[in-house]
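**Student:** Just so you know, the numbering used here puts the end of the sequence shown at 971, numbered straight through with nothing missing.
Heads up, the beta-carbon is just placed ideally off N, CA and C, and yes, glycines get one too.
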Amino acid sequence: MNFASDNIVGASPQVLQALSGANAGAMAAYGGDEITKRVKARFNEIFEREVSVFFVTTGTAANALALSAAVPPYGLCVCHREAHVIDDECGAPEFFMHGAKLAGLPGVGAKLTAESVSAYLKGLPKAVKQMPPKALSISQVSECGLVYGLSELKALGEVCRGHGLVFHMDGARFANALVSLGCTPAEMTWKQGVDILSFGGTKNGCLMAEAIVVFNKDLAEGLDYRSKRAGQIISKGRLISAQFEGYFEGDHWYANARHANRLAKMLSDGLIQLPGVRLAWETQANEVFPIVPAAMDKALRDAGVLYHPWTELSLPEGEKVGQGEALIRLVLSFATQEEDVRRVLDIARSAGSRQAAE
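(1) For L769, which of L734, M710, P798 has the nearest alpha-carbon?
(2) First and last residue of the alpha helix (DSSP H) that includes I853?
(3) Spatial neighbours of Q845 within its chain, please: C-beta separation below 6 Å, excluding the five flanking residues on both sides.
(4) What's the gap between the Cα of S840 and the Cα of C690?
(5) Using 8 Å for Cβ pairs, my map puts E858 next to I648. What's the rounded Cβ distance?
(6) For V826 and G814, what's the separation of their Cα atoms in angstroms?
(7) First and last residue of the alpha helix (DSSP H) that includes D882?
(8) Given this structure, state the Cα-to-Cα distance separating A705 from A964, to the nearest angstrom.
(9) With a Cβ-Cβ cutoff of 7 Å, do V754 and A617 count as a contact?
(10) Within 10 angstroms of its Cβ, does D619 collect 16 or more other Cβ (buried), or is it exposed?
(11) Could you name the residues of the same chain whose beta carbon sits closer than 8 Å to that of V772, not counting the 5 residues immediately before and after it, in chain order?
(12) Helix, strand or coil for H711 per DSSP?
(13) With DSSP as the reference, label F915 as helix, strand or coil.
(14) What residues are listed by DSSP as bridge partners for S665?
(15) On the three-state DSSP scale, how would you describe R891?
(16) Leaving aside the five residues before and after F667 along the sequence, list all residues of the same chain whose C-beta is less than 6 Å from its C-beta, in chain order.
(17) So, is K653 buried or exposed, given that buried needs 16 or more other C-beta atoms within 10 angstroms?
(18) Is V944 closer than 7 Å to I904 when the C-beta atoms are compared?
(19) Going by C-alpha to C-alpha distance, which of R694, E862, A822 sits closest to I847?
(20) V741 to A716, Cα distance in whole Å?
(21) For V901, which of helix, strand or coil comes out of DSSP?
(22) Taking 7 Å as the CB-CB limit, is G889 close to chain C?
(23) Ends of the alpha helix (DSSP H) at V772?
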C-alpha cells in the first residue's frame, strides 16, 4: 500500500512492449532513427500544429533546459513558492540559466492567479540593478493537486504577453490534468498562450521519458546544444522515443491518467465520509490531501500504508491544521489497485471508530 508518489512504480506493460520492440536490431543513433521521427510527428498531431520536441530522461532536465531557453542569466523567472522548479530541483534551473533567479509567489493550493502575478510584476523596480522578469512557470497539476482551468491559463497567458514573459508549463502530471479538464492538449497549452512545455511521461506509465515541447519557435533555437551540454542527447535515443510510442498507442496515456484520477476520487470521497477528516484542497487529479486525526495517521502508518506529510503553506486563508491533526498526501498511479484503496479506507474507518468509542 504505497501511496508515496506516482513515480515509484515501474513502466506499464504497453510501454515495456514498445521498448522491447525498439531494442532489436541496429538503428541510427542520437535521434536519427525512424521511431523518433514517427513520435515527433505524433506530437504534432497531438498538439494540432507543428511543434519542436526534445527528448530528455528526467523532469528536472526538462524543466531546467526549458527555462534556460526562456530566461537569460540576468533574468527572473516567476513561479509559485512551492513550485517543483524552485523547491525540488536542487537549483538545476538556476544552474542551467547560468545565474538567473526564480522568484516564488504565494497562492492557495500552490496556484498562481493572473491578478497576483500582474501585481507582482507591476511592483518590480525598473532599474538596471534589478533582475528583469523574463518568464512565468506554473505546475499543471500544482504541488497541492489542483488543476488550472482554461480560463485561468488564458488569463495568465495574457499577463505574460502583456509583460513580455515566456509562459512555461511544468506538465509532470500533464495527462492527469488533461483528463480532469476534459479538453485537448492544444486547448490546455498553446491556445492559452503557453510557449514551452515540460511534457511528463514517467509518472504516468513511461520508464524514463520526458519531453520539452516548444510552441514558440524562437525558444527552440539552441535547445539541441543545451541538451547535448546537459548530457541529454541520448546515443540510443530510440529507446526514449519508443516509450512515447507505446505511451500514445491507443490513447494508453489517457487510460492511465483516468485510472489514477478515478481511484484518487474514490479514496477522497471515502475519506471525507469519516469523522474528523476534511480535505485541505479539492481532489482534482491523482493526489489526495486530507487533514486527518493524528490517531488515524498513526493507524495508517502502523498498518504499512506509505505516504508523505505535507506543508500547510498554501492552505486557504483561515484554514489550519490543529493539534491532534495531520495533513498528508496520498498519490494514486496507473498501477494502483482498487483493492489497495479499499484497504486504506477500511483501516482509516476502523481507526475512526476506535477514536469515537474512546
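**Tutor:** Taking the structure as given:
(1) Start at 1 with the first residue of the sequence shown, and residue 769 comes out as number 156. Of the candidates L734, M710, P798, the one whose C-alpha sits nearest the C-alpha of L769 is L734.
(2) Residue mapping note: residue 853 aligns to position 240 of the sequence shown, counting from 1. Per DSSP, I853 belongs to the alpha helix (DSSP H) from 851-861.
(3) Position 232 of the sequence shown holds residue 845. Correct list, in chain order: V669, A674.
(4) Numbered from its first residue, the sequence shown carries residue 840 at position 227. Numbered from its first residue, the sequence shown carries residue 690 at position 77. Spanning the two alpha carbons is a distance of roughly 20 Å.
(5) Residue mapping note: residue 858 aligns to position 245 of the sequence shown, counting from 1. Residue mapping note: residue 648 aligns to position 35 of the sequence shown, counting from 1. At roughly 6 Å, the Cβ-Cβ gap stays under 8 Å, so E858 and I648 are in contact.
(6) Walking along the sequence shown from the start, residue 826 turns up at place 213. Walking along the sequence shown from the start, residue 814 turns up at place 201. Answer to the nearest angstrom: the Cα atoms are 12 Å apart.
(7) Here residue 882 is taken as the residue at index 269 of the sequence shown, counted from 1. D882 -> alpha helix (DSSP H) spans 865-884.
(8) To locate residue 705, count along the sequence shown from 1; it is residue 92. To locate residue 964, count along the sequence shown from 1; it is residue 351. Those two C-alpha atoms are separated by around 42 Å.
(9) If you number the sequence shown from 1, residue 754 lands on position 141. If you number the sequence shown from 1, residue 617 lands on position 4. No; because the gap between Cβ atoms is not below 7 Å, this pair is not in contact.
(10) Locating residue 619 in the sequence shown gives position 6, counting from the first residue. Flag for D619 reads buried.
(11) Translated into positions along the sequence shown, residue 772 becomes position 159. The answer, listed in chain order, is A727, V730, S731, L734, L749, L778.
(12) Sequence index remark: in the sequence shown, residue 711 carries index 98 (1-based). It is coil, neither helix nor strand.
(13) On the sequence shown, residue 915 is found 302 positions in, with the first residue counted as 1. What sits at residue 915 in the sequence shown is Asp, not Phe. Of the three classes helix, strand and coil, the one that applies to D915 here is helix, per DSSP.
(14) Numbered from its first residue, the sequence shown carries residue 665 at position 52. DSSP, once it has assigned bridges, lists V827 as partnering S665.
(15) Looking up residue 891 in the sequence shown gives position 278. Three-state result, R891: strand.
(16) Counting from one through the sequence shown, the residue named residue 667 turns up at place 54. Correct list, in chain order: I825, L836, S840.
(17) Locating residue 653 in the sequence shown gives position 40, counting from the first residue. K653 comes out buried.
(18) Taking the sequence shown and counting its residues from 1, the one referred to as residue 904 is at position 291. Taking the sequence shown and counting its residues from 1, the one referred to as residue 944 is at position 331. The answer is no: Cβ separation not under 7 Å.
(19) One-based indexing of the sequence shown puts residue 847 at position 234. Checking every option, the nearest Cα to that of I847 belongs to A822.
(20) The count along the sequence shown starts at 1 and reaches residue 741 at position 128. The count along the sequence shown starts at 1 and reaches residue 716 at position 103. C-alpha separation (whole angstroms): 17 Å.
(21) Taking the sequence shown and counting its residues from 1, the one referred to as residue 901 is at position 288. Three-state DSSP puts V901 in a strand.
(22) You won't find chain C in this structure, because it holds only one protein chain.
(23) Position 159 of the sequence shown holds residue 772. Run containing V772: 763-776, per the alpha helix (DSSP H) assignment.
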